[in-house]
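Worksheet: one structure, shown below.
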Amino acid sequence: MKIGEIATAAGVTTSRIRFYERQGIIPSAERGVNGYRDYAPDLIALLRFIEQAQGLGFSLKEIASIEIRTGEHIVSCTDALAMLAEKHKSITALIAEARDRKARIEALMAELQRNKDAADSAI
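Going by this note's numbering, the first residue of the sequence shown is number 478, and it counts up by one from there.
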């Protein structure tokens, strides 16, 4: 399949495919005698997986470390569950950190508002 066909089928841009190829995220395409890239149709599933994983917050480095298989499920359920559990853990920690930061900001805002109100009433 040509790059445009693969891009359309996977819902990505051709430049993204070229980028993934340069970065080693996807295998290099075969080149025809005309110099055009010729991709295997099973690349569609991999590109969709990469997009889904990035949408869930996985970096390309994390995605590249995954063992990709052939067939309907390109990542084993065991590997996927382990990765998702680790991502869930890190996101839970980020949420806790953000909530703590929010509470500290709100406390500082309240203190500054009280100081401002006291200064304004002293005038």
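C-beta: ideal position from N, C-alpha, C; glycine also.
Residue i: buried (16+ other C-beta within 10 angstroms of its C-beta) or exposed?
i	result
residue 520	buried
residue 572	exposed
residue 480	buried
residue 568	exposed
residue 503	buried
residue 584	exposed
Between residue i and residue j, how many whole angstroms is the CB-CB distance? I'm expecting something under 8 Å.
i	j	result
residue 478	residue 513	With 8 Å as the limit, residue 478 and residue 513 do not qualify as a contact, their Cβ atoms being about 10 Å apart.
residue 524	residue 494	7 Å
Can you grab the Cα-Cα spacing for the pair residue i / residue j, in whole Å?
i	j	result
residue 541	residue 593	53 Å
residue 485	residue 492	12 Å
residue 553	residue 577	36 Å
residue 599	residue 570	44 Å
residue 489	residue 580	40 Å
residue 557	residue 533	12 Å
residue 555	residue 574	29 Å
residue 562	residue 511	46 Å
residue 596	residue 587	14 Å
residue 549	residue 518	12 Å
residue 582	residue 529	34 Å
Residue i and residue j: beta carbons closer than 8 Å?
i	j	result
residue 483	residue 522	no
residue 497	residue 543	no
residue 500	residue 537	yes
residue 535	residue 564	yes
Checklist line | Runs of alpha helix (DSSP H) wholly within the segment 509-593 (minimum 4 residues, chain order) | finding: 520-532 and 537-541
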